[in-house]
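Going by my numbering, the sequence shown wraps up at 514, each residue one higher than the last.
Each residue gets a CB set at the ideal place from its N, CA and C atoms; glycine is no exception.
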Amino acid sequence: MSGAPIGTTTMFAWRPLLDGAAGDRALDVARAVAHAVDDAAKRAPAYDDPSLTDGQAGVAVLFAYLHQAIPGEGHDAVAQRCLRRATELIASTRTPPWLLGGFAGVAWAVEHVESLLHATPGDRAAAIDGLLAAYVARSPWRADYDLVTGLAGYGVYALERLPRPVAAECATSVVTRLAELAEWGQDGVIWHTPPSLLPPYQLTESPDGHYDLGMAHGVPGAIAVLAALSAAGVARETAEPLLRGAVAWLLARPEARADRPGFPVWLSRRDEEEGAPSARVAWCYGDLGVAAALLAAARCAAEPEWERAALDVARRAASRPAERSGVVDAGLCHGAAGVGHVLNRLYQATGDEPLGLAARGWLTRALDLRSAAGGVGGYLAYTVRDGADVWVDDPGLLTGAAGVALALLGAATDVEPAWDRVLLLSSRPPRRSVAQAGA
C-alpha cells in the first residue's frame with residue numbers, strides 16, 4: 076500500500092488534486108457555476124429558502140470559499156449578502172431546527188463563514204445555541220438521531236460553536252440522547268429507526284422500522300459525530316464506549332469484508348435473514364460514507380485495524396465501475412462531484428494512491444457532465460417527483476450546482492474544503508474543544 080502508515084494521523088497542507096490544464100478547467104468551471112448559482116439564488120424559490128442545503132446559507136458558504144481561492148473579486152461581499160438574507164428569513168418564517176434544511180444549518184453557516192472571512196459583526200448565532208440546547212435536553216427523545224434532521228446534525232452544529240459553554244451543553248446532551256437510544260447487542264451498539272419516522276415508501280419494505288446504514292440518516296453518521304465529539308472532549312466517558320460499540324457492530328457485518336458486496340441502504344429484520352442489495356456509490360448511502368465514518372473513528376480512537384477496514388471499504392467503492400455505480404448526475408449528495416470529493420478527502424487523509432486516482436476520475440466525470448443545454452451553470456439535478464424521474468434546475472449545496480462548484484474548488488486549489496465538516500467528512504481533530512472553554 077502507498078501513503079502514510081496505517082494508524083498514524085498525518086497533518087499536512089491541503090494539496091490540489093487536479094493540476095495543470097485539468098486544474099485550470101476545474102477552477103474556471105467552479106467560478107462560472109458559482110456566478111450562475113448566485114443568479115439563480117436571487118430568484119424564487121431559492122431566494123426565499125434560507126437553508127444550508129438548498130438556499131441562501133449554502134450559497135454563502137460557496138462564495139466564502141471562492142473568496143479564499145480567488146480573492147479580490149468581491150466574493151466575500153456576496154457571501155455576506157447571502158448570510159444576511161438567510162438570517163432574515165429564519166427570523167421571519169417558520170423553519171425546522173434541522174442541520175441540513177433548517178435553522179441549525181443556517182446558524183452553522185453563519186459561524187463557519189464569518190470565521191472564514193474574519194468577520195466579527197456580533198454573534199448572530201447566539202440565539203440558536205439556547206434553543207437547540209433546550210431542544211436536545213428533552214428526554215425521552217422521539218425525533219431522529221441522524222445527521223440530516225436529528226441528533227447527529229445538532230452535534231455537528233455544537234462542534235462548530237465550541238468552546239462556548241452553551242454549545243458544550245448542547246453537545247453533551249447529544250451524546251446523552253444517543254446513549255439513551257442505543258441498542259446494545261451481541262455485536263455491539265446500533266440505533267433503530269422506528270416506523271413512525273419512516274416515509275411511506277420505506278414503510279412498505281420496513282413495516283417494523285429498520286437499521287439505517289447511510290451517513291445521512293443512519294449509523295455511520297452517529298459514528299462520525301461521536302468520534303468528533305469525543306475528540307473534542309465532549310462526554311468522553313459516554314461517547315467512547317458508544318463509538319467502540321457502534322464500530323464493532325459495523326465491522327461485524329459481512330459487508331465490511333473487502334471480498335463482499337457493498338453496504339446496503341438499511342437492514343430490516345428480513346434483511347438480517349436474507350441479505351440486502353448494495354447501495355449506490357454516494358456520500359449519503361453506501362461504502363463511501365461508511366469508509367469516512369470508520370476513518371474518523373480510527374483517527375479518534377487510534378485504532379489501526381479500523382483504519383484498515385476504512386481503506387478496504389473505500390477501495391471497494393473506488394473500484395466500482397461508473398456504469399454500475401448508480402451515479403447519474405453531478406451533485407454532492409449522490410453525484411459524481413460528491414463521489415470525487417469524498418474520495419479526495421480520503422486520499423488527502425491517507426495518501427492512498429488508488430483513492431486519489433479514482434477521485435480524479437470522478438471529478439473529471441463531474442466536469443464532463445456539464446452541458447450547455449440548461450441547468451444552473453450547465454448542471455441539472457436528477458430527482459424523483461410523484462413517482463417520475465425528472466431533471467431540475469437546482470442551485471443548492473447538497474444536490475445542486477453549489478455543491479459541484481465547492482467540490483471542484485477543493486480539487487483545484489490548496490484551500491482545504493473545511494465546509495465538509497457539515498457532512499462529517501473530515502477525520503482531522505476538531506479545531507475547537509471543551510477544554511478551551513475555560514482558557
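Through-space distance from residue j to residue i, alpha-carbon basis
i, j, result
"E348", "L222", "Since pLDDT at E348 reaches only 47, below the 50 mark, its modelled position is unreliable, and no value is offered."
"D495", "C245", "21 Å"
"P240", "V185", "18 Å"
"L342", "P352", "10 Å"
"L137", "S271", "35 Å"
"G450", "H187", "28 Å"
"P215", "A254", "11 Å"
"P171", "G177", "5 Å"
"R390", "A367", "12 Å"
"T84", "R118", "Since pLDDT at T84 reaches only 46, below the 50 mark, its modelled position is unreliable, and the value read off the structure follows with that caveat. Cα to Cα, T84 sits roughly 45 Å from R118."
"L370", "W381", "7 Å"
"H416", "G364", "12 Å"
"L141", "C375", "30 Å"
"P470", "V479", "10 Å"
"H110", "G452", "8 Å"
"L102", "G260", "49 Å"
"A218", "G225", "7 Å"
"Y454", "G475", "8 Å"
"A116", "S190", "23 Å"
"L444", "V402", "11 Å"
Residue from the options whose Cα sits closest to the Cα of residue i
i, options, result
"L237", "G225, D204, P269, S214", "D204"
"D129", "V490, A456, F338", "A456"
"T162", "H193, A135, A152", "A135"
"A477", "A105, A97, D461", "A105"
"A314", "A200, A327, V300, A97", "V300"
"A434", "A482, R311, P492, L207", "A482"
"A179", "A144, T458, A132", "A132"
"V497", "R169, A303, D103, Q143", "A303"
"L175", "P396, G296, L273, F338", "G296"
"L326", "I265, R159, R395", "I265"
"A209", "S400, A393, A243, R355", "A243"
"V340", "P316, P379, E280", "E280"
"A405", "A310, H110, V467, A115", "V467"
"A373", "S190, F338, R319", "R319"
"R399", "V459, R355, P120, A412", "R355"
"R507", "G308, L418, R383, L473", "G308"
"V263", "A323, A144, Y220", "According to the sequence displayed, residue 263 carries Gly and not Val. For G263, the nearest C-alpha among the options comes from A323."
"R173", "A96, A377, L207", "As written in the sequence, residue 173 is Trp, which differs from the Arg given in the question. That would be L207, whose Cα lies nearest to the Cα of W173."
"A202", "V108, L407, V181, V153", "V181"
Secondary structure of residue i, DSSP reduced to three states
i, result
"S271", "helix"
"A463", "strand"
"T168", "coil"
"H285", "strand"
"D99", "helix"
"T84", "With a pLDDT of 46 at T84, under the threshold of 50, the modelled position of that residue is not reliable, and the figure given next carries that caveat. In this structure, T84 counts as coil in the three-state DSSP scheme."
"A139", "helix"
"L455", "strand"
"S305", "helix"
"V264", "strand"
"L92", "coil"
"L473", "coil"
"S502", "coil"
"L342", "strand"
"D113", "helix"
"D468", "strand"
"M76", "Confidence in M76 is poor, its pLDDT being 42 and thus under 50, which makes the residue's placement unreliable; the coordinate value appears in the next sentence. M76: coil per DSSP, three-state reduction."
Limits of the alpha helix (DSSP H) - the one that residue i falls within
i, result
"C245", "240 to 256"
"L36", "Summary: the structure shown does not reach residue 36, with the chain confined to residues 76 through 514, and so no result is reported for it."
"T425", "411 to 425"
"Y360", "Unbroken run through Y360: none, as it is neither H nor E."
"I203", "201 to 211"
"D19", "Nothing about residue 19 can be read from this structure; the chain reaches only from 76 to 514."
"F178", "178 to 191"
"A227", "226 to 236"
"H292", "H292 -> no alpha helix (DSSP H), and no H or E assigned at all."
"A314", "311 to 327"
"E382", "379 to 393"
"L484", "476 to 487"
Validate contact between the segment 438 to 445 and the segment 481 to 490 using beta carbons, cut 8 Å, 3 pairs:
yes
For the segment 87 to 99 against the segment 418 to 425, do three or more pairs of beta-carbon atoms, one drawn from each stretch, fall closer than 8 Å, so that the two count as touching?
yes
Measuring CB atoms only, is the segment 354 to 368 touching the segment 287 to 294, in the sense that at least three cross pairs come out at less than 8 Å?
yes
Does the pairing of the segment 249 to 268 with the segment 217 to 236 give three or more beta-carbon distances under 8 Å?
yes
Specify whether the segment 498 to 506 and the segment 141 to 151 touch according to this definition: at least 3 beta carbon pairs, one from each stretch, less than 8 Å apart.
no
Quick one: any contact between the segment 164 to 180 and the segment 117 to 127, if contact means 3 or more CB pairs under 8 Å?
yes
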